[in-house]
Amino acid sequence: MSERSSGRQIPVVVLAGFLGSGKTTLLNHLLHRSGGSRIGAVVNDFGAVEIDAMAVAGALGDSTVSLGNGCLCCAVDASELDEYLERLARPSAGIDVIVIEASGLAEPQELVRMVLASELPNIVYGGLVEVVDAAEFDETRAAHPGIDRHLALADLVVVNKIDRVEDPEPVLKTVRDLVDRAAVVPATHGRVDPEFLFDCRPSEERIGQLSFDDLHRDGPEHDTHPHLHAGYDSLSFVSGQPLDPRRLIAFLDSRPAGLYRIKGYVDFGPYDVRNRYAVHAVGRFLRFYPEPWPAGAGRATQLVLIGTGLDTGALRAELDGCVSDGAPHTDDEAGMWGVLRYVQEAEDPAA
């Protein structure tokens, strides 16, 4: 198919942080290292730009449209933002992920609110990423105490410019104390693993699935900087037996700090024989999307969990505990209620 399905979910990542923290550097890094994914960006002074992941990142600055004050949360409302998101999310654009780079003076919670209020069916919130300048962190906090509140809202905090401080541990500890279950990742020059933010789609020339190792195989970064995936933990979980919805929701509602992303498909067996459930979790945000099983596809649960400081053995044991014991539950009408809380415009799964 030449165009993406209109039902395909496109994550919208809000990229925020104080002036000079390195947001644009991080975005440029993502553009260069997106593994074939096509990124749409809404940038600083409010410009909606379609950007090919293979294009020169420097073209970004020449394509923005200024609204004067440069503060997205003050310049537009949710309906206006939807106009730009709709343009980027149209199937013919082939966009895989949208990044909103906020002004350094923006209120990130307002941007998050606008994304969550989007009326576009194929837009899904992709998380709030806060960028912190490690070298200026103490001074910035003293002058702008609101930054503490921003960090508490974040799903992922990138402590950037870590190479500019002699001992990064005090800054990292302070940030971890301020966040609420968010993953905290140290970085230099905004280099974070794109897989931590969105699925990297292999280009047409590639064969097979992009791996973490592929992300740093080419280019000058490979020779002079640590692997991009250093400090990241990932766990793949596959089960040929259905999962119990109550047990899975209990696991998801108590997921540990540092577990930033969960993605994949869940088979709930007799609770809904017609559909599999795509799951999308980022930070504290969680959604399920029921969809018919593909014709001829084997039925299985396939999940990927990504985060920092994770006890992957404990997580696997917890997921193993979510596997159904095989007892029939077709008459358990309340069994799926926990899942349906996280289904947008939830419908009866048996319908």
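Every number in the numbering used here is 3 more than the matching position in the sequence shown, counting from 1.
All C-beta atoms, glycine included, are put in the ideal place defined by N, C-alpha and C.
Measuring alpha carbon to alpha carbon, tell me which residue in 273, 133 and 247 is nearest residue 162.
Of the candidates 273, 133 and 247, the residue whose Cα lies closest to the Cα of residue 162 is 133.
Does the beta-carbon distance from residue 130 to residue 159 come in below 8 Å?
In this structure, residue 130 sits near residue 159, with a CB-CB distance shorter than 8 Å.
Using a C-beta cutoff of 8 Å, does residue 305 count as contacting chain B?
You won't find chain B in this structure, because it holds only one protein chain.
Check whether the Cβ atoms of residue 322 and residue 201 lie closer than 8 Å to each other.
Not closer than 8 Å, so no.
Nearest to residue 263 by alpha carbon, out of 188, 135, 244 and 45?
Of the residues 188, 135, 244 and 45, the one whose Cα lies closest to the Cα of residue 263 is 188.
Of all the options 192, 261 and 174, which has the alpha carbon lying nearest to the alpha carbon of residue 139?
Looking at the Cα atoms, 174 is the closest of the given residues.
In its own chain, which residues sit with a C-beta less than 7 Å from the C-beta of residue 265, not counting the 5 before and 5 after it?
Same-chain partners within the cutoff: 282, 284, 306 and 308.
Segment limits, alpha helix (DSSP H) that includes residue 97:
Element bounds for residue 97: n/a, residue is neither H nor E.
Kindly list the residues whose CB is nearer than 6 Å to the CB of residue 220, restricted to its own chain and excluding five residues on each side of it in sequence; keep chain order.
Residue placement at residue 220 cannot be trusted, given a pLDDT of 39 that sits under 50; what the coordinates show is reported in the next sentence. Excluding sequence neighbours, residue 220 sits near nothing in its chain.
Going by DSSP, what residues sit across from residue 268 in a beta bridge?
Bridge partners of residue 268: 281 and 305.
Boundaries (first-last residue) of the beta strand (DSSP E) holding residue 288
Note, residue 288: beta strand (DSSP E), 288 to 295.
Short of 7 Å in beta carbon distance, which residues of its chain neighbour residue 25, apart from the five on each side in sequence? Order them along the chain.
Correct list, in chain order: 134, 136, 163, 164 and 193.
Please determine, among 236, 143 and 255, the residue with the shortest C-alpha to C-alpha distance to residue 289.
Nearest option by C-alpha distance: 255.
Going by DSSP in three states, residue 317 sits in which element: helix, strand or coil?
In the structure shown, residue 317 sits in a helix (DSSP, three-state: H, G or I).
Looking at the secondary structure, which residues open and close the beta strand (DSSP E) in which residue 189 lies?
First-last of the beta strand (DSSP E) with residue 189: 186 to 189.
Would you grab the beta carbon distance between residue 118 and residue 30 for me? Rounded to a whole angstrom, and I think it's under 8 Å.
Between the beta-carbon of residue 118 and that of residue 30 there is about 17 Å, and that puts the pair past the 8 Å contact cut.
Beta bridge counterpart(s) of residue 131 as assigned by DSSP
Residue pairing of residue 131 in beta bridges, as defined by DSSP: 17.
Which listed residue (338, 292 and 326) has its alpha carbon closest to that of residue 245:
Closest option to residue 245, Cα to Cα, is 326.
Tell me, to the nearest whole angstrom, how far the beta carbon of residue 248 is from that of residue 271; I am working on the premise that it is less than 8 Å.
Correct: roughly 5 Å between the Cβ atoms.
For residue 85, collect the residues of the same chain with a Cβ closer than 7 Å to its Cβ; drop the 5 residues on either side in sequence, then sort them by chain order.
The answer, listed in chain order, is 121, 122 and 123.
By DSSP's criteria, residue 237 is part of a beta bridge. Which residues make up the other side?
Under the DSSP definition of a beta bridge, residue 237 partners with 309.
Who pairs with residue 104 in a beta bridge, going by DSSP?
18 and 46.
For residue 316 versus residue 261, is the C-beta spacing smaller than 8 Å?
No, they are not a contact pair.
Would DSSP call residue 162 helix, strand or coil?
In this structure, residue 162 counts as strand in the three-state DSSP scheme.
Reduced DSSP secondary structure (H/G/I, E/B, other) of residue 328
The answer is coil: DSSP assigns residue 328 none of H, G, I, E or B.
Evaluate residue 145 with the Cβ neighbour count: other Cβ atoms within 10 Å of its Cβ, from every protein chain shown; 16 or more gives buried, anything less gives exposed.
With fewer than 16 Cβ atoms within 10 Å of its Cβ, residue 145 is classed as exposed.
Residue 238 and residue 318 look like a contact to me (Cβ under 8 Å); what is the Cβ gap, rounded to whole Å?
Between residue 238 and residue 318 the beta-carbon gap is near 6 Å, inside 8 Å, which marks them as a contact.
Taking Cβ to Cβ, would you say residue 92 is nearer than 8 Å to residue 13?
Contact flag set, yes.
In whole angstroms, give me the CA-to-CA distance for residue 314 and residue 242.
If I take the Cα positions, the gap works out to 20 Å.
CA-to-CA distance, residue 298 to residue 32, given in whole angstroms
Rounded to whole angstroms, residue 32 to residue 298 spans 39 Å at the Cα level.
Beta-carbon proximity check, residue 191 vs residue 21, cutoff 8 Å:
For residue 191 and residue 21, no; Cβs fall outside 8 Å.
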